[in-house]
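Numbering (the working numbering), first residue to last: 11 to 71.
For each residue, glycine too, the CB sits at the ideal point set by N, CA and C.
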Ligand SMILES: [Zn+2]
């Protein structure tokens, strides 16, 4: 399954920053080094609230 890093975000689980990763186009995770925190499905997660800065790749939100 492809995973895509979309930028840096603040993790709602532990309150620390990490890399926001979308897996399989639907599942939002935040990666802190080797630790992954699952946040939720993309339709339930407010990415604009989590993201600190966004990469200008695609504007789909
Ligand atoms: Zn976390």
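Subject >> Residues bridged to residue 31 (per DSSP) >> reply: 15 and 39
Original post:
Around the Cβ of residue 62, are there at least 16 other Cβ atoms within 10 angstroms (buried) or fewer (exposed)?
Top reply: exposed
Original post:
So, residue 52 versus residue 35, is the Cβ gap smaller than 9 Å?
Top reply: yes
Subject >> Buried versus exposed call for residue 21 [16 or more other C-beta atoms within 10 Å across all chains shown] >> reply: buried
**OP:** Answer with buried or exposed for residue 28, where buried requires no fewer than 16 other C-beta atoms within 10 angstroms of its C-beta.
**Re:** buried
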